[in-house]
Amino acid sequence: MQLKEKITIFFNNGRAKYALILFLIIFVLSLFSELIANNNSLIIKYKNNYYFPIFKQYTDAFFGGNFPTPADYNDKLIKQNIENNGWMIKPIIPYSYNTVDYYLTGPTPSAPDAKHWLGTDEEGRDIVARLLYGIRLSVIFAFLLTVISSVIGILIGAIQGYFGGKTDIILQRLIEIWDSLPQLFILIIIASVFLPTFMSLLLILLLFSWTGLTGMVRAEFLRLRNFEYVKAAKVLGVSNFRIMFRHILPNALVTSVTFIPFIMAESITSLSALDFLGLGLPTDYPSLGDLVRQGKDNLQAPWIGCSIFIVLSGMLSMLIFIGEGIRDVFDTRKNS
Amino acid sequence: MNLQNKKQNKCIFRGDGVTVKFALKKSFFGKVLQELTAVDHISFKLKSGETLGIVGESGSGKTTLALSMVNLVKHSGEFYYNENLLYDQHHLHNKDIQIVFQDPYNSLNPRMNIYDIICEGLNVHFPDLSKENQRERVLQILKEVELNEDVLPKYPHEFSGGQRQRIALARALVIRPQVVILDEPTSALDVTIQAQVIELLKNLQQKFNLSYIFISHDMNAVRAISHKIMVMQNGKVVETGSTEQLFNQPKHTYTKQLIKASIL
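Take a look at the structure:
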């Protein structure tokens with residue numbers, strides 16, 4: 001089947017089509033978070049010079065203020081000073097994920113209004129900005145986790161299935177032992193010793209997530225290695241490595257590819273769960289799980305809980321729909 | 001091709017006491033408790049440029065014997081190619097002995113195009129060949145198996161059984177083997193296509209002085225192509241002889257049964 005046909009089949013599934021389009025729009029937008037939600041201005045014309053504060057930091061004193069600290073472009077004095085000597089373009093949301101709005105009139109978390117479309121969280125930070133940065137962080141995290149753990153999983157599964165016999169049995173027992181380790185407790189211990197960062201958390205989750213695909217790839221290799229085209233390749237003298245990756249893997253990959261969006265959804269969930277429990281990323285990261293926790297802790301401020309619920313469930317549903325679309329593409333019974 | 005090979009009576013490929021056993025039951029520690037002897041001390045000789053037919057019912061061990069000839073199953077006993085011992089720890093396969101399988105739907109990789117499928121052997125055995133020379137050889141072998149050039153970018157599912165069997169043949173022949181083991185190459189095909197494939201095999205044999213081992217349960221097909229025939233039952237050889245001799249004066253009752261069944 002050609003790629004063109006595959007794409008047509010994918011887009012024939014309406015749900016998958018809209019999910020993919022929406023997901024891509026949101027993800028691409030979130031990649032440019034700095035231009036959409038930022039407490040720094042995009043461009044400033046000040047005394048006939050152009051400045052780009054998102055790339056370079058200027059001090060308060062530089063724009064006519066009193067302090068040698070970084071300029072706060074939401075500050076009235078600075079605003080007025082700049083507008084008197086030129087102009088400035090601000091991002092649509094003039095707050096970054098970690099900007100605390102000191103000009104709030106009420107107590108935090110404050111309700112949605114014209115300034116904060118979805119309100120602020122308990123520390124006075126804009127929720128839209130946090131969601132935007134949070135989506136980017138968790139999608140990139142989940143993507144890396146999925147890709148790396150799939151590569152490791154497929155490699156190990158391929159070795160198990162292709163060589164079979166003792167190699168298979170030994171590896172299979174090791175994976176079973178590894179899988180039965182209490183993941184959560186190990187994470188708690190690690191989190192209490194080290195302060196988790198993006199990379200260390202990725203590594204820790206990777207330790208346990210790679211086993212997800214091995215079973216399936218192993219089964220596919222066990223099935224496919226008995227096919228006559230594999231035997232013919234052996235008789236031709238093709239190396240084991242080449243048989244595994246050029247002859248068997250493309251045929252075994254179908255089932256794995258189908259699972260990748262589901263694994264990605266799972267990865268987003270596990271990162272959010274860890275953040276929710278306070279075992280994940282430190283609070284200065286814009287994490288979705290931390291917003292879930294805030295939603296739970298602040299039931300009097302339903303805008304937190306509602307917005308994070310819609311974003312998380314929407315994103316996970318979209319991934320599932322995309323997964324279903326991909327499954328349709330590789331479903332030979334449906335397409336014949 | 002040297003002159004020696006052209007001498008009709010030279011033995012090019014032979015097996016000596018070939019035995020294949022499968023473990024049916026193993027103890028916890030891997031000790032074999034019960035086993036099945038699929039191929040039982042079979043010896044054979046294949047002369048250069050000739051065809052040795054192997055017939056027998058399903059389960060008689062024909063295919064297992066074929067697999068052991070290309071070292072795809074563990075076996076005891078020896079194979080000799082031009083009186084050189086084949087298959088030791090360092091030589092698991094031999095360029096000069098290739099195999100064509102029964103099921104043309106299973107024997108071509110569905111995710112490789114025909115060019116890549118045929119080219120694979122060249123990549124292994126002639127890695128120094130330039131891209132143009134590679135293509136030239138692929139085109140040449142394609143002509144030999146009577147296929148058009150336009151099949152090259154296509155994928156196996158676009159072909160009929162007979163065409164696929166030609167592609168499988170091209171894949172085996174592109175590296176110019178001397179011995180081709182044909183494991184029921186015609187049994188998955190229609191009768192008319194069967195005749196075409198057998199005709200093609202005969203032509204190729206003459207042209208390249210190939211030696212065939214032709215395995216089938218179809219007595220008519222075997223008769224049409226073989227110089228000598230070996231009849232197998234339950235992993236053992238029950239009768240061997242030239243084609244005429246075997247069909248005209250079968251000695252063993254099992255051979256008689258097979259011949260009788262094929263006439264019906």
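If you're matching them up, the sequences are chains A and B in order. Residues 1 to 336, numbered by the numbering used here, are exactly what the first sequence covers, in order. Residues 1 to 264, numbered by the numbering used here, are exactly what the second sequence covers, in order. From the three backbone atoms N, C-alpha and C, an ideal C-beta is built for every residue, glycine too.
Residue range of the alpha helix (DSSP H) that includes residue i
i: B/T19; result: First-last for B/T19: 11 to 26, but that is the beta strand (DSSP E), not the alpha helix (DSSP H).
i: B/L246; result: 243 to 248
i: B/Q134; result: 131 to 144
i: A/A111; result: Unbroken run through A/A111: none, as it is neither H nor E.
i: B/Y81; result: First-last for B/Y81: 76 to 81, but that is the beta strand (DSSP E), not the alpha helix (DSSP H).
i: A/D328; result: 302 to 330
i: B/V179; result: Careful: B/V179 lies outside any alpha helix (DSSP H), inside the beta strand (DSSP E) at 179 to 183.
i: A/Y73; result: Per DSSP, A/Y73 belongs to no alpha helix (DSSP H) and is neither H nor E.
i: B/K62; result: 62 to 69
i: B/D190; result: It is not in any alpha helix (DSSP H) - B/D190 carries neither H nor E in the DSSP assignment.
i: A/F185; result: 183 to 193
i: A/L236; result: 228 to 236
i: A/G289; result: 288 to 297
i: B/G162; result: 161 to 173
Residue closest to residue i, alpha-carbon to alpha-carbon, out of the options
i: A/G65; options: A/I26, A/R136, A/I82; result: A/I82
i: A/F221; options: A/F259, A/I159, A/W210; result: A/I159
i: B/V191; options: B/A221, B/E146, B/V73; result: B/A221
i: A/F321; options: A/G164, A/E5, A/Y18, A/F67; result: A/Y18
i: A/G280; options: A/L104, A/I189, A/F259; result: A/I189
i: B/Q245; options: B/Y212, B/K228, B/T51; result: B/K228
i: A/L312; options: A/I26, A/A114, A/L195, A/P91; result: A/I26
i: B/T186; options: B/Q165, B/L86, B/V174, B/A172; result: B/Q165
i: A/K47; options: A/I78, A/E34, A/G86, A/S41; result: A/G86
i: A/L187; options: A/F11, A/T120, A/G278, A/L77; result: A/G278
i: B/P104; options: A/F262, A/D275, A/E228, A/Q300; result: A/E228
i: A/L299; options: A/M88, A/L20, A/D121, A/L3; result: A/D121
i: B/K95; options: B/Q89, B/L122, B/N113; result: B/L122
i: B/V124; options: A/L253, A/A233, A/G134; result: A/A233
i: B/G53; options: B/Y254, B/L173, B/D218; result: B/D218
Classification of residue i by the beta-carbon crowding that lies within 10 angstroms, buried from 16 upward
i: B/Q4; result: Any reading at B/Q4 is ruled out, since the residue's pLDDT is 47, under 50, leaving its predicted position unreliable.
i: A/I7; result: exposed
i: B/V179; result: buried
i: B/I12; result: buried
i: B/Q249; result: exposed
i: A/F63; result: buried
i: B/N2; result: Residue confidence is low: B/N2 scores 46 on pLDDT, short of 50, so the model does not pin down where it sits. No coordinate-derived value is stated.
i: A/H116; result: buried
i: B/K6; result: Note that B/K6 scores 48 on pLDDT, short of 50, meaning its location in the model is unreliable and no value can be drawn from it.
i: A/M199; result: exposed
i: B/P127; result: exposed
i: A/N49; result: exposed
i: B/C119; result: buried
i: A/W303; result: buried
i: B/S211; result: buried
i: A/Y102; result: exposed
i: A/A301; result: buried
i: A/Q294; result: buried
i: A/K231; result: buried
i: B/N203; result: exposed
i: A/I243; result: buried
Supposed close pair residue i, residue j - CB separation, criterion 8 Å
i: B/D16; j: B/G77; result: 6 Å
i: A/D60; j: A/F67; result: 4 Å
i: B/K62; j: B/I215; result: 5 Å
i: A/N38; j: A/P109; result: Contact flag wrong, Cβ pair sits at about 21 Å.
i: B/Y115; j: B/P156; result: About 12 Å separates the two Cβ atoms, so there is no contact after all.
i: B/I167; j: B/L108; result: 6 Å
i: A/Y97; j: A/P286; result: 4 Å
i: A/I89; j: A/I43; result: 5 Å
i: B/I213; j: B/M112; result: 27 Å between Cβ atoms; not a contact.
i: A/I248; j: A/L224; result: 5 Å
Residue i: first and last residue of the uninterrupted beta strand (DSSP E) it sits in
i: A/M244; result: Premise fails: A/M244 is in no beta strand (DSSP E) and is neither H nor E.
i: A/K79; result: Taken as a continuous stretch (DSSP letters only), A/K79 belongs to no beta strand (DSSP E), being part of the alpha helix (DSSP H) at 76 to 84.
i: A/S267; result: Not the beta strand (DSSP E): A/S267 falls in the alpha helix (DSSP H), residues 249 to 277.
i: A/E220; result: Looking at the DSSP string, A/E220 is not in any beta strand (DSSP E); the run it does join, the alpha helix (DSSP H), is 211 to 224.
i: B/K47; result: 32 to 47
i: B/T51; result: 51 to 55
i: B/S216; result: 211 to 216
i: B/K228; result: 228 to 233
heavy atom of the ligand FAD below 7 Å from residue i C-beta
i: A/V139; result: As far as ligands go, the structure on display features none, and thus does not contain the ligand FAD.
Sequence ranges, alpha helix (DSSP H) only - wholly within the region 7 to 62 of chain A, length at least 4: 14 to 31, 33 to 36
Beta strand (DSSP E) runs wholly inside the region 83 to 169 of chain A, at least 3 long, in chain order: 86 to 89
Start-end ranges of the alpha helix (DSSP H) lying completely within the region 79 to 129 of chain B, minimum 4 residues: 114 to 125
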